[in-house]
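S.K.: Got a structure for you, written out below as structure tokens; questions coming shortly.
Number of protein chains: 2
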Amino acid sequence: MKNLEQRIRNQGVVCPGGILQVDRFLNHQIDVALLDELGAELCRRFAGAGINKVVTVESSGIAVACAVARQLRVPVVFARKKRNIPWTAPVYQANVESSTGSTSNRIAIAKELLGPEDHVLIVDDILANGYTLQGLISMVESAEATVEGLGIVIEKAFQEGGSRLRNLGYRLESLAIVESADERTGEIHFASEKETM
Amino acid sequence: MKNLEQRIRNQGVVCPGGILQVDRFLNHQIDVALLDELGAELCRRFAGAGINKVVTVESSGIAVACAVARQLRVPVVFARKKRNIPWTAPVYQANVESSTGSTSNRIAIAKELLGPEDHVLIVDDILANGYTLQGLISMVESAEATVEGLGIVIEKAFQEGGSRLRNLGYRLESLAIVESADERTGEIHFASEKETM
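Chains as they are written, first to last, in my numbering: chain A, 192 to 388; chain B, 192 to 388.
This is the structure:
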């Protein structure tokens, strides 16, 4: 998605450790017009897949999940970090390591919100090592629901999450695929550039 | 907002300690059609207030903030819990106690995202003791931006946040005001019922 790549190039910041900050338009400040475009494009890519629920995790997946869900006219369920849950109700849960591996979060979804009748699009803003997506997938599959696809705004191809998930057979669509991000020069290259060379 | 009150009555769950769970349509599962209606109603109430930014805090404020911001055609800025921030950039910050007073979160907004030119609508899903809103207000005012209003989906009038903020002179609009929620019977009463008696 050219428009998104331009925004990443113009407003993204490459930080030490290959962290690509998109705080100016996606996950601290949100450009709601761009958000609508992201939702429409994900909807277009998964049209006809029979999706009846969009699943994501708090926090920064929520905006994108709502943007695609309103286009698909289906509800969103966002997994909650376990410490935020006052429930005593039964939950599906997963442990998700942070991208640095230094911390781990237990995330959960109430059992009443997912079941075998569900055909799920899992959505997130950033895909790096893929641990979060794998946690979401394991909860959806524990509910005997079907994962119809994974919709991502920005995939970092220089981390292994995307290729691992594709190898597992999931349909993964990323609106921008970052091949490299140089923290010294700030230069960012996208997979789409290779295709057109 | 009658439609919202009906949903709260039909799908809300009253838990011990006066906690009103709206997990089935607002802050775990999200009904995106209802979300659009909430956004449109908040937009209607604050039309003409000159708002150029919507501010909220992760996580469950994000969906509502995006819904109203897309109607107002302005960006959203959501405050982040400090532990989620990899930045070294300067931030405005506030300490926010949980409603039970048992935990405290430091929340922050990057200084580059708020300034004296901003006319801000602060949005959140639930208003109980008001500590979160006061934290957001203090950050907006530290940035010398103007708080034009506070837009809330569900206000619990049996906790003191709403009346304190109105007494401080802020324009506070809540789409549903819950007067009482009986954890024994599950019965919920709204301020709007008194008006029509």
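Glycine included, every Cβ here is placed at the ideal spot set by N, Cα and C. Treat the numbers as computed from the prediction; the structure is a model and nothing was measured.
1. With a threshold of 7 Å on Cβ separation, who are the neighbours of A:C234 within its own chain once the five nearest residues in sequence on each side are excluded?
2. Which residues, in chain order, does the stretch 239 to 262 of chain A contribute to contact with chain B at a C-beta distance below 7 Å?
3. Select from A:P307, A:A372 and A:G340 the residue whose C-alpha is nearest the C-alpha of A:R357.
4. Identify the contact partners of B:R271 in chain A, using a Cβ-Cβ distance below 7 Å as the criterion.
5. Residues of chain A with a CB under 7 Å from the CB of B:D373: which are they?
6. So the alpha helix (DSSP H) B:A334 belongs to, where does it begin and stop?
7. Shortest alpha-carbon distance to B:M330 belongs to which of B:E378, B:Y322 and B:Y283?
8. According to DSSP, simplified to helix, strand and coil, what is A:Y402?
9. Using a cut-off of 7 Å between C-beta atoms, extract the partners of A:D214 located in chain B.
10. Using CA atoms only, rank isn't needed, just tell me which of B:L229, B:C206 and B:D222 is closest to B:K193.
11. Give a yes or no on whether the minimum CB-CB distance between B:P281 and chain A is below 8 Å.
12. So, does the CB of A:D222 fall closer than 8 Å to a CB anywhere in chain B?
13. At the 8 Å Cβ level, is B:D435 part of the contact set with chain A, yes or no?
14. Taking A:I379 and A:I199 to be in contact with their CB atoms under 8 Å, please state how far apart those CB atoms are, rounded to whole angstroms.
15. Can you find a CB in chain B that lies within less than 8 Å of the CB of A:V268?
16. Rounded to whole angstroms, what's the CA-CA distance from A:Q212 to B:T279? Just pull it up for me.
17. So, B:D316 versus B:V265, is the Cβ gap smaller than 8 Å?
18. Could you give the DSSP three-state label for A:D316: helix, strand or coil?
19. Report the residue ranges of all alpha helix (DSSP H) runs contained in full by the stretch 198 to 282 of chain B; include only those spanning at least 4 residues, in chain order.
20. Show which residues of chain A have a CB atom less than 9 Å away from the CB atom of B:L304.
21. Indicate the three-state DSSP secondary structure (helix, strand or coil) for B:L341 in the structure shown.
22. In whole angstroms, give me the CA-to-CA distance for A:L366 and A:V344.
M.R.: This is what the structure holds:
1. V259, Q262 and L263
2. E249, S250, I253, A254, C257, A260 and R261
3. A:G340
4. H219
5. What B:D373 touches in chain A: nothing, since even the nearest Cβ is about 18 Å away.
6. Where B:A334 is concerned, there is no enclosing alpha helix (DSSP H), given that its DSSP letter is neither H nor E.
7. B:Y283
8. Because chain A here runs from 192 to 388, residue 402 of chain A falls outside it and cannot be looked at.
9. A301
10. B:L229
11. no
12. yes
13. Here chain B has residues from 192 to 388 only, and residue 435 of chain B is not among them.
14. 6 Å
15. yes
16. 12 Å
17. no
18. strand
19. 223 to 237 and 252 to 263
20. D214, R215, H219 and Q220
21. strand
22. 5 Å
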